Amino acid sequence: MNEILIQYYPEIIIFCSILLSLIFSVMQAKMEDLMNFVLTVGLFLFAILVVFKGKIFIHTDYILMKEPFTYYFKAIALFSFIVIAIILRKGLRDFSIEINEFPVLLLSILLGTFLLISGNDFALIFLSVELLSLSTYVMCAMTPGFKNSTESAMKYFILGALSTSFFAFGIAMMYGVSGTFSFYDIELIMKAQTEIPILFQLGCVFILVALLLKISAAPFHVWLPDIFQGSPLAVVIFIGTIPKIAALGILIRLLYGPFEPLYQSWIPIICICGLLSVGWGMFSAMGQTNLKRLLAYSSIAHIGFIILPLINQNIRGLQASLSYLTFYMLTLLSVFGIILWFQRIGHKIENIKDLSVVNRYHPNMTALLGLLFISLSGMPPFSGFFVKLHVITSFFANKESMSSVLISVYLLLMSVVAAYYYLNIIKEIYFNNLPEASIMKQAPINDILAKTTIIVIALISIGFFWIPLISQIREDLIGKAVSSLMRL
Amino acid sequence: MIEQIVFYTLATITVLASICVISLNNPIYNVLSLVVAFFGVAGLYFMLNAQFLGLSMIIIYVGAVSVFFLFVVMTLESSGYKHEEKISWKKKALGIFLGTSFGAEIASIILLKINASDFPKEGGSFTLKDLALSIFHDHVYLLELMGIILLVAMLGAILITANKIPIQQTLKKQKAHQQNERSREDSVKIVKVEFGKGIK
Numbered sequence: 011m012n013e014i015l016i017q018y019y020p021e022i023i024i025f026c027s028i029l030l031s032l033i034f035s036v037m038q039a040k041m042e043d044l045m046n047f048v049l050t051v052g053l054f055l056f057a058i059l060v061v062f063k064g065k066i067f068i069h070t071d072y073i074l075m076k077e078p079f080t081y082y083f084k085a086i087a088l089f090s091f092i093v094i095a096i097i098l099r100k101g102l103r104d105f106s107i108e109i110n111e112f113p114v115l116l117l118s119i120l121l122g123t124f125l126l127i128s129g130n131d132f133a134l135i136f137l138s139v140e141l142l143s144l145s146t147y148v149m150c151a152m153t154p155g156f157k158n159s160t161e162s163a164m165k166y167f168i169l170g171a172l173s174t175s176f177f178a179f180g181i182a183m184m185y186g187v188s189g190t191f192s193f194y195d196i197e198l199i200m201k202a203q204t205e206i207p208i209l210f211q212l213g214c215v216f217i218l219v220a221l222l223l224k225i226s227a228a229p230f231h232v233w234l235p236d237i238f239q240g241s242p243l244a245v246v247i248f249i250g251t252i253p254k255i256a257a258l259g260i261l262i263r264l265l266y267g268p269f270e271p272l273y274q275s276w277i278p279i280i281c282i283c284g285l286l287s288v289g290w291g292m293f294s295a296m297g298q299t300n301l302k303r304l305l306a307y308s309s310i311a312h313i314g315f316i317i318l319p320l321i322n323q324n325i326r327g328l329q330a331s332l333s334y335l336t337f338y339m340l341t342l343l344s345v346f347g348i349i350l351w352f353q354r355i356g357h358k359i360e361n362i363k364d365l366s367v368v369n370r371y372h373p374n375m376t377a378l379l380g381l382l383f384i385s386l387s388g389m390p391p392f393s394g395f396f397v398k399l400h401v402i403t404s405f406f407a408n409k410e411s412m413s414s415v416l417i418s419v420y421l422l423l424m425s426v427v428a429a430y431y432y433l434n435i436i437k438e439i440y441f442n443n444l445p446e447a448s449i450m451k452q453a454p455i456n457d458i459l460a461k462t463t464i465i466v467i468a469l470i471s472i473g474f475f476w477i478p479l480i481s482q483i484r485e486d487l488i489g490k491a492v493s494s495l496m497r498l
Numbered sequence: 085m086i087e088q089i090v091f092y093t094l095a096t097i098t099v100l101a102s103i104c105v106i107s108l109n110n111p112i113y114n115v116l117s118l119v120v121a122f123f124g125v126a127g128l129y130f131m132l133n134a135q136f137l138g139l140s141m142i143i144i145y146v147g148a149v150s151v152f153f154l155f156v157v158m159t160l161e162s163s164g165y166k167h168e169e170k171i172s173w174k175k176k177a178l179g180i181f182l183g184t185s186f187g188a189e190i191a192s193i194i195l196l197k198i199n200a201s202d203f204p205k206e207g208g209s210f211t212l213k214d215l216a217l218s219i220f221h222d223h224v225y226l227l228e229l230m231g232i233i234l235l236v237a238m239l240g241a242i243l244i245t246a247n248k249i250p251i252q253q254t255l256k257k258q259k260a261h262q263q264n265e266r267s268r269e270d271s272v273k274i275v276k277v278e279f280g281k282g283i284k
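First to last, the sequence lines map onto chains R and U. In the working numbering, each residue's number is its place in the first sequence (first place is 1) plus 10. In the working numbering, each residue's number is its place in the second sequence (first place is 1) plus 84.
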């Protein structure tokens, strides 16, 4: 029993801290204290992850999997969690009323993420997806008086319920054929058979659809822009990053684990979804004037870039996918962090035009934001260029196949479209007539720690391909993760 | 022998109760006979050694669903149910379709001479004890996780529906210290009013 319990140590810590923070919030603790508690929990977990790095359990028959791949994803998720906790440390502020239960939801999302990333059992994965999505629905719906909040939460809830039903149906089919929930056993059963039964393929398709909806790949993306626009920034920064890391983690582990023998049925799905999300995201982002909506569409496009290299089924593709994910999450965090910081010090930022007003007061931070956008568009000296290059060259591994050449040409063309609207933001910031200044009446929060963190994260995300130490760590971690997943 | 007696009693109760469900005039009696029919079916499940199915039949259908039906019937129809004189052709068509399909099902069982032995036997009996072991021992971590999910769901329901405005602002009550701190100078002003001009 003890060995099993040791296996669950991060999850048990998060579970206990959920209950503790619930008690604190009932006792009407201050928001700042609660967020400090959340931050402490995050830092503690991070320390534990770093200390136990060498001691990784590989028990394929347990319901939780501990391998370098899950370790890598947990590290990204926890890192984003800590950054968000630091940014939100001084209270939420853009809610009309401080909601004390917010930290409980944050921690329960973290628990769902951890379980989802390392789950080795379909029943466990189903439950952790439920935990994750329930907390996000509540986060979206609980902001009173925020415009469109209830509508977007309702949309999210209905689509999420649909995806859950698909997920359950797919799992039922898998169970019906194999009689087990364990990934390991299902993979063994599938590999033992000469001809894979149709129910396995159907179940695989259903589960993939549900997960693609969670990461908002193209035909299943409609909820994302509304959620981004309708929720306050403190919620958006959370929903945009951590649940997506979790869903991508389990998606990649499924594709390269139990679904590997089914590659003929999942490669077309992932390919079509990836191509559609790149195109759809890029072209829809062009006409947007609302900054959050634009970021939502660009997020859909970047998800396409993350899932497309998976169809190569080789090490290069997987490495490209993982480094793109890391780059994108870091950049998204710092973009939202900067916008949130602007809001904290009293500038309301809703449309792209509002950025030009901010530029008069805080030219340095706006310049950093501009650099981040340039990096996202894929201009050469920044890391956005390198990750895009990595993705596109990963298709050159099999030169004889015409389709992969076509895909890489398509991605190149779409990057040009992306450059258009990211540069358009920079044009709006610097070369526009300034509209009237709109400064909120709230007292500004000057949080030095948050500002420093945002700047550091932004610099890392801009240059994480050529800052020596960080690129070393990145290559090391990604290499280990990929080789553990491909079982090399 | 005893088994057969019990089976036929339960089957008769179930069939009679189901006939009552559709033939009695008072809707409350209909729902009550539905409850009786559910009990009969639950008893049949117990006879088949499917204890959990029987218990969940009682808990879910008798305990929750029929009570819900009763609530609906009692709140909707206080003056008693009236039969429709004319039944529309849509309902007739639906009735004919359902009747023929059920009839065909029964006829196929009789005509094709399907025996109970044709169906696969259950692989070992799965009793309540096995179920309890499976939930509370093999999958105990999943059970814990379900607890957390329910906690978050409850928290979310309260957060979304509860009144967000703090109590101090909504509650109208005396604020004693403010009343005590008021002085005559703050609240009363003596004005000399000229005739015909009024107070500004």
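All residues carry an ideal CB built from backbone N, CA and C; glycine is no exception. Small disclaimer: the values here were computed from a predicted structure and weren't measured.
Sequence-distant Cβ neighbours of R/S393 in its own chain, meaning closer than 8 Å and more than five residues away, are F337, S385, S471, I472, G473, F474, F475 and W476. With a threshold of 9 Å between beta carbons, R/V148 makes contact with chain U.
Counting along the chain, the unbroken alpha helix (DSSP H) around U/A260 starts and ends at A260 to E265. Among the residues facing chain U, R/M41 is not included, as its CB has no counterpart in that chain under 9 Å away. For the segment 31-104 of chain R, the full-length alpha helix (DSSP H) segments reaching 4 residues or more read 41-61 and 78-97 along the chain. Apart from the 5 residues on each side of it in sequence, R/F193 sits with its Cβ closer than 6 Å to the Cβ of N130, G267 and P268 in its chain, given in chain order. Note on geometry: alpha-carbon atoms of R/S241 and R/A491 lie some 34 Å from one another. R/Y420 has its alpha-carbon roughly 24 Å from the corresponding atom of R/R303. At least one CB atom of chain U sits nearer than 9 Å to the CB of R/Y18. Of the candidates R/A202, R/L212 and R/V219, the residue whose Cα lies closest to the Cα of R/Y185 is R/L212.
For the pair R/N374 and R/L301, the CB atoms are not nearer than the 9 Å cut-off.
Nearest C-alpha to R/F346 among R/K84, R/T463 and R/L141: R/T463. Secondary structure remark: continuous alpha helix (DSSP H) runs of at least 4 residues inside the segment 119-177 of chain U, in chain order: 135-140 and 150-160.
Within the segment 225-244 of chain U, contact with chain R at the beta-carbon level (separation under 9 Å) is assigned to Y225, L226, E228, L229, M230, I232, I233, L235, V236, A237, L239, G240, A241, I242, L243 and I244. R/G291 sits close to R/S309, with the two beta carbons spaced by under 9 Å. Take the alpha-carbon of R/A311 and the one of R/F91: they are about 23 Å apart. Boundaries of the alpha helix (DSSP H) harbouring U/T93: I86 to S107, taken from the DSSP string.
Shown here is that no member of the segment 235-265 of chain R has a Cβ falling below 7 Å from a Cβ of chain U.
By the criterion of a C-beta distance shorter than 8 Å, R/E197 is surrounded in its chain by G267, P268, E270 and P271, once the five residues flanking it on both sides are discounted. Between R/I348 and R/L379 a beta carbon distance of about 5 Å is seen, short of the 8 Å cut, so the two are scored as contacting.
Nearest CB-CB separation between R/V93 and chain U: not below the 9 Å threshold.
Closest in C-alpha terms to R/V367, from the list R/S411, R/V187, R/N442 and R/Y147, comes R/N442. Counting C-beta pairs with one atom in each stretch, the segment 137-148 of chain R and the segment 37-56 of chain R have fewer than three that are closer than 8 Å, which means they do not touch.
Checking the DSSP bridge columns, you'll see R/S192 partnered with R/D131.
Looking at the backbone, the Cα of R/L433 and that of R/S387 are separated by about 8 Å. R/L44 is not a Cβ neighbour of R/F56, given a cutoff of 9 Å. Within chain U, the residues I232, I233, L235, V236 and L239 have their CB atoms less than 9 Å from the CB of R/S118, given in chain order.
With respect to chain R, the C-beta atom of U/H223 has a partner C-beta closer than 9 Å. About 7 Å separates the CB atoms of R/K84 and R/S128; that is less than 8 Å, so the two are in contact.
In the DSSP assignment, R/N300 forms a beta bridge with R/N361. U/G187 sits exposed, since fewer than 16 C-beta atoms from the chains shown fall within 10 Å of its C-beta. Your pair R/L318 and R/V401 checks out as a contact, with CB atoms roughly 7 Å apart and the cut at 8 Å. Here DSSP, grouped into helix, strand and coil, assigns R/N374 to helix. R/V466 has its alpha-carbon roughly 15 Å from the corresponding atom of R/S481. Around the C-beta of R/V246, 16 or more other C-beta atoms lie within 10 Å, and the residue is accordingly described as buried. A straight line joining the alpha-carbon of U/L239 with that of U/D222 spans about 28 Å.
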